[in-house]
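Heads up: the sequence shown runs through residues -22 to -1, 1 to 186, numbered per mature numbering (1 follows the signal peptide of the UniProt record, and there is no 0).
Working notes, structure below.
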Amino acid sequence: MKIASIAWGCACVSLFATTTVAQNIVGTAVIDGKRVELLSDHSWRYVDPEALSSACTGLSPRVEFCGSKPDWRPIPTTGAFVQTYVHGSNIFAGLIVEDIGRAQNLSFKTLRTLSISSAAAQSGVSEKAIPVYDVFETEIDENPGETIIYGAVLKGMKFVFSNSYVITDDLTVQAYVWAVGSEYSDEQRKWGEDFIDNIRLHVEKVAH
């Protein structure tokens, strides 16, 4: 887990310093025979049985992760991530969920730029020195998004990050997948796609 902790919060972008972090689900309970979710602001809400699948784990009121535990094992979370996971021993992933979106003029370009500037700051180099391997359109639960693949050197170790993000009017979800190395491997690509495919967003679909 030491390798994962090196990257947590280092080359990943959180907007929470100037905005409101989305409420996280910190537990469940039963009230009057109905299941409720306990939120990080000490409030609670009834679980909608049609909206939430029993095979999925609620990470926030509007975000679930449905990956199988043999493939994605939850690991201790730190920083801005609502949850982090490990696949095998060298591929890590995490989700950042925040209550900010297009209504605050947030754009893909903004997140792309912040990803590079954050990686550069933590690597101790200029933004031009951060290798960007690819930028392409993607989807998260049928919502249009973007993925940026880039490298960083953190505490002397080389990492490759993929950051896939979706922006709605009032919500931003970032799905990070990272691994030790200097190339974006087929294995990281495969499991990065699997990670994204298992994210469920309970939001009004964003127009393409």
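The beta-carbon is built from N, C-alpha and C at its ideal position, and this holds for glycine as well.
- In this structure, the beta-carbon distance from L179 to R90 does not fall below 8 Å.
- With 16 or more neighbouring CB atoms inside 10 Å of its own CB, F43 falls in the buried class.
- Between F70 and the set Q61, D77 and Y143, the nearest pair of CA atoms involves Q61.
- Between the stretch 113 to 125 and the stretch 137 to 155, the count of Cβ pairs shorter than 8 Å is three or higher; the stretches touch.
- Nearest Cα to E161 within the set T35, D112 and G123: D112.
- Between V103 and T146, the C-beta spacing is not below 8 Å.
- Relative to the Cα of Y128, the nearest Cα in the group G134, A58, D175 and G159 belongs to G159.
- When G57, Q82, K168 and S142 are compared, the shortest CA-CA separation from F114 is found for S142.
- In the displayed model, K47 falls within coil according to three-state DSSP, outside both helix and strand.
- Contact check for A97 and A58: beta-carbon distance about 15 Å, past the 8 Å limit, so the pair fails to qualify.
- Linking R51 to F137 through their CA atoms gives a straight-line distance of about 20 Å.
- In the DSSP assignment, Q61 forms a beta bridge with L73.
- A direct Cα-Cα distance of roughly 25 Å separates V110 from G66.
- Annotation for L132: the continuous beta strand (DSSP E) segment containing it runs N121 to L132.
- Counting along the chain, S96 sits inside the alpha helix (DSSP H) bounded by residues F86 to S101.
- Between D172 and G45, the C-beta spacing is below 8 Å.
- Counted as a single uninterrupted DSSP element, the alpha helix (DSSP H) harbouring K168 occupies residues D164 to D175.
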